[in-house]
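In this note's numbering, the protein residues as written are 5 to 191. A virtual CB, placed ideally from N, CA and C, is assigned to each residue, including glycine.
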Amino acid sequence: PFFDTNVADWTGVNAAIARVTDVVHPDSRAGASMRVTPTGGFSSLDARSSVSAAGTITPGVAYTSSAWVYSPNGWSDLRSIIDWYDAAGTYLSSGSSTAVAVPARTWTFLSTTNTAPAGASRCLTRVRSGNTPAAGDTFYVWAAQATPASSGSAPQTYTVIRAVNGVAKGHSAGADVRLATPNYAAL
5 PFFDTNVADW TGVNAAIARV TDVVHPDSRA GASMRVTPTG GFSSLDARSS VSAAGTITPG
65 VAYTSSAWVY SPNGWSDLRS IIDWYDAAGT YLSSGSSTAV AVPARTWTFL STTNTAPAGA
125 SRCLTRVRSG NTPAAGDTFY VWAAQATPAS SGSAPQTYTV IRAVNGVAKG HSAGADVRLA
185 TPNYAAL
């Protein structure tokens, strides 16, 4: 979702996408962004992730689709949307979203939360531009992702970065990773 090395898992629909380093979110972790350039002549376009693996979505659980976006000229209709798929990869439905007017030259956070429908097992996240964007209405995306929505009873989610400082430990995709339990001693 951070486009550090490429945009290989993303596709442009009615748009061309590319990894760029000339427009980058100010977060210290940001080193690149995805540029989305409309092809023009369509009422909407989007940049979409690949569909997640089967079993990554639980029906009845709320998920948040979010992204940071930047529009050099501003735009009246940008959205972060989640699409639901069954285990076989058949499209089920899209989560609802609201158009956000993004001011010119300002990184803006888009977020929408929807509950996975019955039969959902996979998802993709997409950033959509509406209102018939012309070829010059380029925008940029950083940190686009779908994550389980937080609630008081849900566990906190986080990203595990492996092999830092020369320490490496293999984990399977989706492995349950936990923080070490600290030892407590009476004083």
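Query raised in the report: V55 to D13, Cα distance in whole Å?
Result: 9 Å
Query raised in the report: Using the rule of at least 16 other Cβ atoms within 10 Å of the residue's Cβ for burial, across every protein chain shown, is G59 buried or exposed?
Result: exposed
Report task. Pick helix, strand or coil for A158, following the three-state DSSP scheme. Result -> The predicted position of A158 is uncertain, since its pLDDT is 45 and thus under 50; a value taken from the coordinates is nonetheless stated next. Reduced to three states, the DSSP call for A158 is coil.
Requested in this report: Pick helix, strand or coil for N118, following the three-state DSSP scheme.
Outcome: strand
Query raised in the report: Are three or more beta carbon pairs between the segment 81 to 95 and the segment 131 to 138 nearer than 8 Å?
Result: yes
Query - Of the listed residues T116, S48, S75, nearest to A66 (C-alpha basis) - result: It is T116 whose Cα lies nearest to the Cα of A66.
Report task. Quick one: grab the DSSP three-state call for W111. Result -> coil
**Report entry** Distance between D8 and R39 (C-alpha atoms, nearest Å)
**Finding:** 13 Å
Query raised in the report: Any idea if S101 is buried or exposed, counting beta-carbon neighbours within 10 angstroms, 16 or more meaning buried?
Result: buried
Requested in this report: Identify whether G16 lies in helix, strand or coil by the three-state DSSP scheme.
Outcome: strand
Requested in this report: Find the nearest neighbour of A51 within the set N77, Q149, S154, judged by alpha-carbon distance.
Outcome: Q149
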